[in-house]
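What follows is a single structure, written as C-alpha cells, with notes after it.
Protein chains: 2
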Amino acid sequence: MSQPSLPTTDRTRLRRKAERGRHDRETVAAILDAGLICHVGFGVEGRPWVFPTTYARVGEVVYLHGAVGNFALRTLAGGAEVCVTVTLIDGLVLVRSAFHHSMNYRSVMLFGVAQPVIDESEKREALLAIVDHMAPGRRADSRSPTPEELVSTLVVRLPITEGSAKVRTGPPIDDAGDMGLSHWAGVLPLRLVPGTPVPDPGRPGTASSVGPAASSGAGGSVGPTQPAPLPTPSYLTDWATLRAADAT
Amino acid sequence: MSQPSLPTTDRTRLRRKAERGRHDRETVAAILDAGLICHVGFGVEGRPWVFPTTYARVGEVVYLHGAVGNFALRTLAGGAEVCVTVTLIDGLVLVRSAFHHSMNYRSVMLFGVAQPVIDESEKREALLAIVDHMAPGRRADSRSPTPEELVSTLVVRLPITEGSAKVRTGPPIDDAGDMGLSHWAGVLPLRLVPGTPVPDPGRPGTASSVGPAASSGAGGSVGPTQPAPLPTPSYLTDWATLRAADAT
C-alpha cells in the first residue's frame, strides 16, 4: 500500500517503549478492524469520561453511534475533542521478575473532533457498517434501518488523521541476572473465542424453544403456521475466520 | 454482603437503559476482578487521553502503575481527574433489525482523583497484586520487586467511591413487527480463552528450545549444567477457572 503514514504529533509521538509504536495506516486500520469495541474519552467541564461502544471503520473514517438523546454522542456531535482507543489482548507475558510482567497486545489511539452525520444514506451505511463489523455478512441478513430509526439515531464520523498504534509481541524479556531463577517464564496466549450460537428463544418454532422435532414437522403440537427454525448462518459458524480476514 | 451501594451522583446516574445499571459494590468488584485491562481517561489542556493498562483491585481501591517517567501516570499522580473503565465482552446480540443490534457485556466506570503511593510496602503489595490479577498464584512464582525497581515505578491508588456498573445479558429484543422476518436472531457468546502456554525460548534447556529429550537428560548436547525445563504451572493450566473464581 502506498498511503502515507499518520503524521507524528505531540499526542502521537511515543514517549516510552518507542519500539512498540506504529504510525502506518495499514497497521492502524488492521487493529481497528480486528477490535469489537472502542473506548471513547472526552471531557465535560474538565472531568473525563470513558465509555465503551461499538464502531466501524470505513476507509479513513471511524463511525460511532447512539440514540439522539445519548449524552456521550451529543457531546461528541457538539464538537468536543475526543480520544478513541481500541485494544486487543493477545497474551500474558510472564517474566521471572514481577517487575517486568507485561502483555502482548495491539492498540490504537485516535484523536480529533467528530462531526455529526447528517446525510441519510451515509448514516444508513454507517449503521450497516457497524452491524457488519460485529459479524461480517450480517448486514445482508438483517432488516435495514427505517427513516424513523435513522432520525432517532445519532451517528458521528471521526476522520483518522491523528493517531498511532502500539504493538507488543513475543517472549518475555528478563534481566540477565534473573535467567537462572526457577520461575516459569513465557507467554499465555489469549484470544476472544466464539461459543455456540444461541438462537432467540422468542421465535416460535426455533430449535431452542420447541426442540429439533419441530423442524421435521413430525407430529407434536407445532402446527403448520409455525415458522421452521432457521439454520445457523455461515457468517456465525465462520465468524472468527471472517473477522480475521477483514482485519488484514 | 452488607456493604452499602456506591452513591448515585451526576456522573453515575444512568441516563439511558437504566435497567442495565448496577451500583452495588459486589457487582462493581466482580467486574473489576474479571477484567484484565482497564481504559484510563484524563484530560490535559482540555484534550482527552484514553490509554489501556493493567490494574488490580485490592479491597476498595484500584491500583495502576507505570514507569516514573510515564506521562499518563505522572498526570494522574499530579491530581488530574480520572475515569477508569473496564469492559468485558460476553457476546454479540444479533437482532432481526440492524437498528437493535447490541452486545452482551459487563462494564464499570470509576471516577475520581488518584493518589501516588509513597509507602514502599503498599507499593510492593500493589505491584504483586497486579501480577496476581493477571494470573492468580503468579506472585508466589516470580521474583519480588527490589527497592530499586520500586523507586523506578509510579503506583497510584484510586479509591472506589464514585462509579457504576452496566450489564446486558440475555436474548435479542426485537420489535414485534419484525418477529416474522426470516433473519437469524440470537446471541453469539464470546469469551477470552487461553491457548497453550509458550515457554520462554530464551531459557537454556526449556522444552521449546531443545526439545523434550532435554528433560530426560538422555544424551544429546545438553550438559548437566543446563537447568531442566520447568513444568507448566497449575495456575496457567487452570487460569480460566482461577480467574473466574476470583471474580465472584
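Protein chains in written order, with my numbering: chain U, 29 to 276; chain E, 29 to 276. Where is the CB? At the ideal position from N, CA and C, for every residue including glycine. Remember, predicted model here, so these are calculated numbers, not experimental data.
Whether residue i touches residue j by CB criterion (9 Å)
{"i": "E/Thr63", "j": "E/Val110", "result": "A small fix is needed here, since residue 63 of chain E is Gly in this sequence, not Thr. Not in contact: E/Gly63 and E/Val110 (Cβ atoms no closer than 9 Å)."}
{"i": "E/Gly70", "j": "E/Thr103", "result": "Reading off the sequence, residue 70 of chain E comes out as Phe, not Gly. Yes, Cβ-Cβ distance for E/Phe70 and E/Thr103 is below 9 Å."}
{"i": "U/Val142", "j": "U/Leu220", "result": "A quick correction: the sequence has Ala, not Val, at residue 142 of chain U. Cβ atoms of U/Ala142 and U/Leu220: not closer than 9 Å."}
{"i": "U/Pro225", "j": "E/Val215", "result": "yes"}
{"i": "U/Val136", "j": "U/Ile59", "result": "yes"}
{"i": "E/Met131", "j": "U/Met162", "result": "yes"}
{"i": "E/Val159", "j": "U/Ala204", "result": "no"}
{"i": "E/Asp118", "j": "E/Arg85", "result": "no"}
{"i": "U/Ser180", "j": "U/Val96", "result": "yes"}
{"i": "U/Leu178", "j": "U/Ala105", "result": "no"}
{"i": "E/His129", "j": "U/His67", "result": "no"}
{"i": "E/Arg171", "j": "U/Leu209", "result": "yes"}
{"i": "E/Lys194", "j": "E/Lys45", "result": "yes"}
{"i": "U/Leu34", "j": "U/Ile188", "result": "yes"}
{"i": "E/Ile65", "j": "E/Pro80", "result": "yes"}
{"i": "E/Phe281", "j": "E/Gly191", "result": "The question about residue 281 of chain E has no answer, for chain E in this structure spans 29 to 276."}
{"i": "U/Met147", "j": "U/Tyr263", "result": "According to the sequence shown, residue 147 of chain U is Asp rather than Met. No. Outside cutoff."}
{"i": "E/Pro199", "j": "E/Ala273", "result": "no"}
{"i": "E/Leu270", "j": "E/Val184", "result": "no"}
{"i": "E/Leu155", "j": "E/Pro173", "result": "yes"}
{"i": "U/Arg48", "j": "U/Arg167", "result": "no"}
{"i": "E/Gly223", "j": "U/Pro222", "result": "no"}
{"i": "U/Pro261", "j": "E/Trp212", "result": "yes"}
{"i": "E/Phe99", "j": "U/Arg43", "result": "yes"}
{"i": "U/Pro227", "j": "U/Leu258", "result": "yes"}
{"i": "U/Val78", "j": "E/Val90", "result": "no"}
is_contact[residue i, chain E] using C-beta, thresh 9 Å
{"i": "U/Glu109", "result": "yes"}
{"i": "U/Asp287", "result": "Lying before the first or after the last residue shown, residue 287 of chain U is absent from chain U, which here runs from 29 to 276."}
{"i": "U/Ser33", "result": "no"}
{"i": "U/Thr269", "result": "no"}
{"i": "U/Arg39", "result": "yes"}
{"i": "U/Leu122", "result": "yes"}
{"i": "U/Pro175", "result": "no"}
{"i": "U/Thr115", "result": "yes"}
{"i": "U/Leu258", "result": "yes"}
{"i": "U/Val179", "result": "no"}
{"i": "U/Val215", "result": "yes"}
Proximity test, Cβ basis, 9 Å: residue i and chain U
{"i": "E/Ser125", "result": "yes"}
{"i": "E/Tyr83", "result": "no"}
{"i": "E/Arg166", "result": "yes"}
{"i": "E/Ile188", "result": "no"}
{"i": "E/Asp280", "result": "Past the boundaries of the shown model lies residue 280 of chain E; chain E is included only from 29 to 276, so the question cannot be answered."}
{"i": "E/Glu47", "result": "no"}
{"i": "E/Ser210", "result": "yes"}
{"i": "E/Ser192", "result": "no"}
{"i": "E/Arg185", "result": "no"}
{"i": "E/Ala95", "result": "yes"}
{"i": "E/Asp169", "result": "yes"}
{"i": "E/Pro252", "result": "With a pLDDT of 48 at E/Pro252, under the threshold of 50, the modelled position of that residue is not reliable, and the figure given next carries that caveat. It does not; no Cβ of chain U falls within 9 Å."}
{"i": "E/Asp266", "result": "no"}
{"i": "E/Tyr133", "result": "yes"}
{"i": "E/Arg44", "result": "yes"}
{"i": "E/Val89", "result": "no"}
{"i": "E/Gly106", "result": "no"}
{"i": "E/Val112", "result": "yes"}
Extent of the continuous beta strand (DSSP E) run through residue i
{"i": "E/Arg85", "result": "84 to 86"}
{"i": "E/Val141", "result": "130 to 141"}
{"i": "U/Phe99", "result": "Counting along the chain, U/Phe99 falls outside any beta strand (DSSP E), though it belongs to the alpha helix (DSSP H) covering 99 to 105."}
{"i": "U/Asp118", "result": "109 to 122"}
{"i": "U/Val72", "result": "65 to 72"}
{"i": "U/Gly94", "result": "89 to 95"}
Residue i: first and last residue of the uninterrupted alpha helix (DSSP H) it sits in
{"i": "E/Lys151", "result": "148 to 162"}
{"i": "E/Ser262", "result": "262 to 265"}
{"i": "U/Val145", "result": "Counting along the chain, U/Val145 falls outside any alpha helix (DSSP H), and DSSP gives it neither H nor E."}
{"i": "U/Ala62", "result": "53 to 62"}
Residues from the segment 217 to 233 of chain E in contact with chain U, defined by Cβ distance under 9 Å: Within the segment 217 to 233 of chain E, the residues whose Cβ lies closer than 9 Å to some Cβ of chain U are Pro217, Leu218, Arg219, Leu220, Val221, Pro222, Gly223, Thr224, Pro225, Val226, Pro227, Asp228, Pro229, Gly230, Arg231, Pro232, listed in chain order.
Near-chain U residues of the segment 143 to 162 of chain E (beta-carbon distance less than 8 Å), N- to C-terminal order: With the criterion set as a beta carbon lying under 8 Å from some beta carbon of chain U, the members of the segment 143 to 162 of chain E are Leu155, Leu156, Ile158, Val159, Met162, in sequence order.
Chain E contacts made by the segment 52 to 86 of chain U, where a contact means CB separation under 8 Å: Taking 8 Å as the Cβ-Cβ cut-off against chain E, the residues of the segment 52 to 86 of chain U that qualify are Leu64, Ile65, His67, Val68, Gly69, Phe70, Gly71, Gly74, Arg75, Pro76, Trp77, Val78, Phe79, Pro80, Thr82.
Contained alpha helix (DSSP H) runs [length at least 4] in the segment 153 to 213 of chain E, N- to C-terminal order: Secondary structure remark: continuous alpha helix (DSSP H) runs of at least 4 residues inside the segment 153 to 213 of chain E, in chain order: 175 to 179.
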